[in-house]
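Please read the structure below before turning to the comments.
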Amino acid sequence: MRALILAAGLAALGCFLVLVWVTVTGLMPDAGGLRPFDLRPLGYDLATATAYLQALSEEGRATFRTTLATWDTAFPVALTAFLALLCLRRGGRLGWLGALVALVYGGVDLAENAAVLRLVEGPVPPDPLTVTGASVLTMAKFAALLLACLIYLLARGTRR
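For the sequence shown, counting from 1, position 85 maps to 84 in numbering that gives the first Met the number 0; every step adds exactly one.
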């Protein structure tokens, strides 16, 4: 189990570092310095989404469809595996609950990625309902991730 946790953790870290690099050196400059949707844990509204999409260059859109889509699919899968395995290693009900919440996080993050890609590939200004859906998924992703981490910490504390 320890080797699996290490492998999943290293995979998540590697994917995260690539995502940070692509975002800081590519996406943010290609959008006039604006933060992409994935970096808005409190969500975004139609005006914010429209401003970002108007500022995003064609090169930035291409980066979203290719490099970012690939790495931002691998990252939540690796992070989900890492968190779920950490929680399961703790055992008990909290460990199982943490693993379940980690799986929810992974599913929501992948759904959010698809919703954001629809925004990037869609018309400008975007459909308000599409923006709301993507924004809710972004907030839910961060909430589920935080909850999974908190449950892990609780499980860790109760098993000592």
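Where is the CB? At the ideal position from N, CA and C, for every residue including glycine.
Pairwise C-alpha distance: L109 and T137: Distance between the alpha carbons of T137 and L109: 10 Å.
Simplified DSSP assignment, three categories, for G31: Looking at G31 - three-state DSSP - the assignment turns out to be coil, as it is neither helix nor strand.
Cβ-Cβ distance between V130 and L145 below 8 Å: No, they are not a contact pair.
Contact under 8 Å by Cβ, A65 with G105: Reading off the sequence, residue 65 comes out as Thr, not Ala. Their beta carbons are not under 8 Å apart, which means T65 does not touch G105 by this criterion.
Separation of A50 from Y43, as counted between CA atoms: Spanning the two alpha carbons is a distance of roughly 11 Å.
Start and end residues, alpha helix (DSSP H) containing V23: Note, V23: premise wrong, no alpha helix (DSSP H); not H, not E.
Backbone secondary structure at G90 - three-state DSSP: Three-state result, G90: coil.
Buried/exposed call for G90, threshold 16 Cβ in 10 Å: With fewer than 16 Cβ atoms within 10 Å of its Cβ, G90 is classed as exposed.
T157 classed as buried or exposed, judged by whether at least 16 other C-beta atoms fall within 10 angstroms: Note on T157: under 16 other CB atoms within 10 angstroms of its CB, so exposed under the neighbour-count rule.
Alpha-carbon to alpha-carbon, A114 and L128: Each residue's Cα considered, the two are about 11 Å apart.
G97, buried or exposed, once every other Cβ within 10 Å from all chains shown has been counted against 16: Burial call: buried.
CA-to-CA distance, D29 to A142, given in whole angstroms: Straight through space, the alpha carbons of D29 and A142 are spaced by roughly 28 Å.
For D44, the three-state DSSP class (helix, strand or coil): D44: coil per DSSP, three-state reduction.
When R34, F74, R88 and A139 are compared against V17, the one with the closest alpha-carbon: Proximity to V17 across R34, F74, R88 and A139 peaks at F74, based on C-alpha coordinates.
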